[in-house]
Structure formats: structure tokens, C-alpha cells
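Working notes for the structure below.
Number of protein chains: 2
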Amino acid sequence: MDYYPESVIRLINEIARLPGIGYKSAIKIAYNLIEMSEPEVVKLAKSMVEMKKKVHYCRQCHHLTEDELCSICASDKRDRSIICVVDTPRDLIAIEKTREFHGLYHVLHGRISPLDGVRPQDLTIASLEKRLAGGEVKEMILANSPTLEGESTAVYLSKTMHGKVDKITRIAHGVPIGGDLEFADEITLLKAMEGRHDY
Amino acid sequence: MDYYPESVIRLINEIARLPGIGYKSAIKIAYNLIEMSEPEVVKLAKSMVEMKKKVHYCRQCHHLTEDELCSICASDKRDRSIICVVDTPRDLIAIEKTREFHGLYHVLHGRISPLDGVRPQDLTIASLEKRLAGGEVKEMILANSPTLEGESTAVYLSKTMHGKVDKITRIAHGVPIGGDLEFADEITLLKAMEGRHDY
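Read top to bottom, the protein sequences are chains A and B. When you read off a place in the first sequence, starting at 1, and then add 913, the result is the number in my numbering. When you read off a place in the second sequence, starting at 1, and then add 913, the result is the number in my numbering.
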């Protein structure tokens, strides 16, 4: 590591500390910055700090926002009787992009994972419980990711929220549209067969 | 894109402008920054700007440095009669890590590529010519990448520098150590066969 000037080493180390960014990616990003002009780097650095100062989580659903409520919770066009529970803001945005869901969301900011030390109380579950207690919500859709941790979280929520909301549903598992059936894994195919419907 | 708060959109767009970083990676990095504490983001932003202010290219070999000469050019332990020409600082560091080369380097900062609009005069070739004219250099090793553009650059250099230095050599092509022979491509295997030596 003494191959780089000191300020480059320091920057690479700081970038590599970002979760999900490995050492090689950090070096790549550092090189990109070296090749940019100084005003460009200053502009990027300012954008980072400005974003960090402005953005926080929505008081109600915990999605990203610069205001007290996110644009979805603040909208009067959304159906307040249905809440879609997602693991992350990225999942929320994936569903928003379908333009077919018009209810509200609840972002857990993680999945229950004892191995990674993520317990139910580390997620926004207490806040979800309070929202359901309001009585306005009729259906809670569990849109947790179809991974081991996502399924565990969905199971945990369906058990603890049982009786606190009229209807609890889980998004369907099956073969993804546009995918070749032969490449689907066995469990997905099994779920797709189990979930078959009249056509 | 109106799914994100404005300051997040602005940041994602700026990160995505970095060469080699796609839109999805930019979103991932933005999320990382959102999850960091404000002091951490401020620290990272400062490191970026500080690195950019301090780091520039070595006056002699064009490697990264915070001084006038890089640590390699400034060292009195290096053999000044041999120059290894590389495309990028990353290639230089890859060779340094072998700890077997004790000469100097020359970083071209790119490869000749008419398709990408990179011409010989866009690289540090004039500066290389000046170094050879000094008369101290006896051998120039062409360590350009074994890609189409790297080979073109090596060919261009061997032609234009012919007669200006006693010896011009090219690094060997062959099968990578530790790689399974069956996975080597045909051209690499052909080069490995051509370059075979007594054993």
C-alpha cells in the first residue's frame, strides 16, 4: 500500500469502509476522482454533505424524505387503508415503479437476521404496530424479499400483527416474467406450481 | 426518478457521471452514504477534496505523487538505465507488487484508440521521447496491456522510438500462472506455444 501517495491511501481506506464496497472498487473510485477536475470533485463532495444534511426518514413510513413526511405519505391521492411493508427504500421504489400500488408503505430498514445481529427491535416494527393500532389500515401486504431473512421477517410480522389488522397478505412467489422457465430454481418452480390459478 | 428526494437524485446523477460507474452502482453508493452518520460523510467528502488538491502526476514518469517527483523517480536505489512503459498507474503498481523490477517507469495515461478518440499526442509520449533523448536509458520495456489498444500502443512506440534507445522489449504473453489451461483462450495459448522456452 506504500505504492500510493498518502492522501490516496487515506481516501481508498475511507471509501472501502462503505458497506458493500470492496477494496478493488474503492481503488477504482479513487482513480476516477484523481482523473476528475478539482471543481468537479469539490462539487461532488458538496453534494454528498448536502444530501446527508437534508435527507432523513419519513416520520410515518420511514421512507427517504427531505420533509417531515415523504411525498407518498403526504399525498392525498393514496389509499390509507392499505400498507405495503418492505425491507428497504429500494424495494419501495421498485414497487412504486410498477405504478399499480396506490396505498401507503412501511419501510423496515432491514430484515430479521440473528446471524447478523439484526433483531426485531432493530427494525421499525414498533412504529408499524402503532400505525395498525390507529384502526385506519385494513390490509397489510408483506412484500419482504423472498430470501431466508425476508421470509423470516414476514413470518414474524404475520404472527405478531395477527388480530391487529383485518387482512395480512404476502406477495406471490413464482417464475419471473420474461425469464426462461428452464433457468428457474427448483424452489421457485415449486412455489409457482403451488400458486397456480385458473386461466 | 421522482421517487427519491431531490438532493438524493442530484447526488446519484453526480456519482453516475464518474467514468466506469453505472447508474445502479451510483444508487448503491448513495444508499451507503445515506446510512452513514453525518460526521462520517463530512470526513469522506473532505478526504476526497484533500486528495484532489494534493495529488498530481510525477514531472518525470507521470505516476501519482504529492511531490514534484514520485517516490520511485526520487529513489536512489532504482536502476535509471531501464524504463518500463505502462498504460496506467494501476499497471505500474501491479508490477511494483512483484518486487522484482528495480528500474524506472513511464505512465502513458491511456492507450492509443482511434475509436475512442485517443491519439498518440493525448498520451505522455513526447515526454517519454525526451527521457530517451537524455541518453541514460538503455532499455525500454513495453508493458502495455495485452489488449487490442495496448498492443497498438506498443507497436506504435516500438516504431517511433526505434533507434532512440539501444533495446526495446515487450513483456511475454502466455498462460497465467495458477490458471487452468483448459480455460485459456486460443490466442493466449497460441502465444504461450510460440513463446515456449527450454526447461
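Glycine included, C-beta positions come from ideal geometry on N, C-alpha and C. No experiment lies behind these values; they were computed from the predicted model shown.
Give me whichever residues DSSP pairs with residue i in a beta bridge.
i: residue 894 (chain A); result: No statement about residue 894 (chain A) is possible, as the shown extent of chain A runs from 914 to 1112 and does not include it.
i: residue 872 (chain B); result: With chain B covering only 914 through 1112, there is no way to say anything about residue 872 (chain B).
i: residue 916 (chain B); result: BP columns for residue 916 (chain B) are empty, so no partner.
i: residue 1016 (chain A); result: A:992
i: residue 1075 (chain B); result: B:1078
Relative to the alpha-carbon of residue i, which residue among the options has its alpha-carbon at the smallest distance?
i: residue 1089 (chain A); options: A:1106, A:1081, A:1078 and A:1076; result: A:1106
i: residue 1012 (chain B); options: B:1075, B:991, B:917 and B:1046; result: B:991
i: residue 1079 (chain B); options: B:977, B:1051 and B:920; result: B:1051
i: residue 1092 (chain A); options: A:1102, A:1084 and A:1085; result: A:1102
i: residue 920 (chain A); options: A:930, A:1060, A:947 and A:1026; result: A:947
i: residue 933 (chain A); options: B:945, B:926 and B:953; result: B:945
i: residue 989 (chain A); options: A:964, A:971, A:1017 and A:968; result: A:1017
i: residue 961 (chain A); options: B:916, B:1042 and B:955; result: B:955
i: residue 1024 (chain A); options: A:1014, A:1042, A:1041 and A:1064; result: A:1064
i: residue 963 (chain B); options: A:964, A:951 and A:993; result: A:951
i: residue 1069 (chain A); options: A:1049, A:1085, A:1041 and A:1095; result: A:1041
i: residue 1062 (chain A); options: A:953, A:1047, A:969 and A:1036; result: A:1036
i: residue 1072 (chain A); options: A:958, A:1033, A:966 and A:1000; result: A:1033
i: residue 1046 (chain B); options: B:924, B:979, B:970 and B:994; result: B:994
i: residue 1115 (chain A); options: A:971, A:1075 and A:1108; result: No statement about residue 1115 (chain A) is possible, as the shown extent of chain A runs from 914 to 1112 and does not include it.
i: residue 1055 (chain A); options: A:941, A:1008 and A:949; result: A:1008
i: residue 1038 (chain B); options: B:1028, B:1049 and B:1021; result: B:1021
i: residue 1048 (chain A); options: A:943, A:1074, A:1100 and A:966; result: A:1074
i: residue 929 (chain B); options: A:937, A:1015, A:957 and A:1014; result: A:957
i: residue 1043 (chain B); options: B:942, B:1081, B:1094 and B:1077; result: B:1077
For my contact list, residue i and residue j are in at a C-beta cut-off of 8 Å; report their separation, rounded to the angstrom.
i: residue 1002 (chain A); j: residue 982 (chain A); result: Between residue 982 (chain A) and residue 1002 (chain A) the Cβ distance is about 15 Å, and since that is not below 8 Å, they are no contact.
i: residue 986 (chain B); j: residue 974 (chain B); result: 5 Å
i: residue 1059 (chain A); j: residue 1086 (chain A); result: 6 Å
i: residue 1083 (chain A); j: residue 1067 (chain A); result: 6 Å
i: residue 925 (chain A); j: residue 940 (chain A); result: 6 Å
i: residue 967 (chain A); j: residue 979 (chain A); result: 5 Å
Shorter than 8 Å, the distance from the beta carbon of residue i to the closest heavy atom of the ligand GTP, or not?
i: residue 998 (chain B); result: What this structure holds is no ligand at all, so the ligand GTP is not there to describe.
### Task
Could you name the residues of the segment 1053-1076 of chain A whose beta carbon sits closer than 8 Å to any beta carbon of chain B, in the order they occur along the chain?
none
### Message
Extract the residue ranges of the beta strand (DSSP E) inside the segment 934-1004 of chain B, only unbroken runs of 3 or more that lie entirely within it.
### Response
992-999
### Query
Going along the segment 1013-1027 of chain A in order, which residues come within less than 8 Å of chain B, judged by CB to CB distance?
none
### Task
May I ask you to list, following chain order, the residues of the segment 983-998 of chain A that have a beta carbon less than 7 Å from some beta carbon of chain B?
none
### Task
Can you give me, in chain order, the residues of the segment 958-982 of chain A that have a beta carbon less than 7 Å from any beta carbon in chain B?
958, 960, 961, 962, 963, 964, 965, 966, 967, 968, 977, 978 and 979
### Task
For the segment 1081-1097 of chain B, enumerate the residues whose C-beta is nearer than 8 Å to any C-beta of chain A, in chain order.
none
### Query
For the segment 933-953 of chain B, which residues have a CB atom closer than 9 Å to at least one CB atom of chain A, in sequence order?
933, 934, 938, 940, 941, 942, 943, 944, 945, 946, 947, 948, 949, 950, 951 and 953
### Message
To be precise: take each residue of the segment 1002-1013 of chain B, compare its Cβ to all Cβ atoms of chain A, and keep it if any distance is under 9 Å. Which residues remain?
### Response
1002, 1003, 1005, 1006, 1009 and 1010
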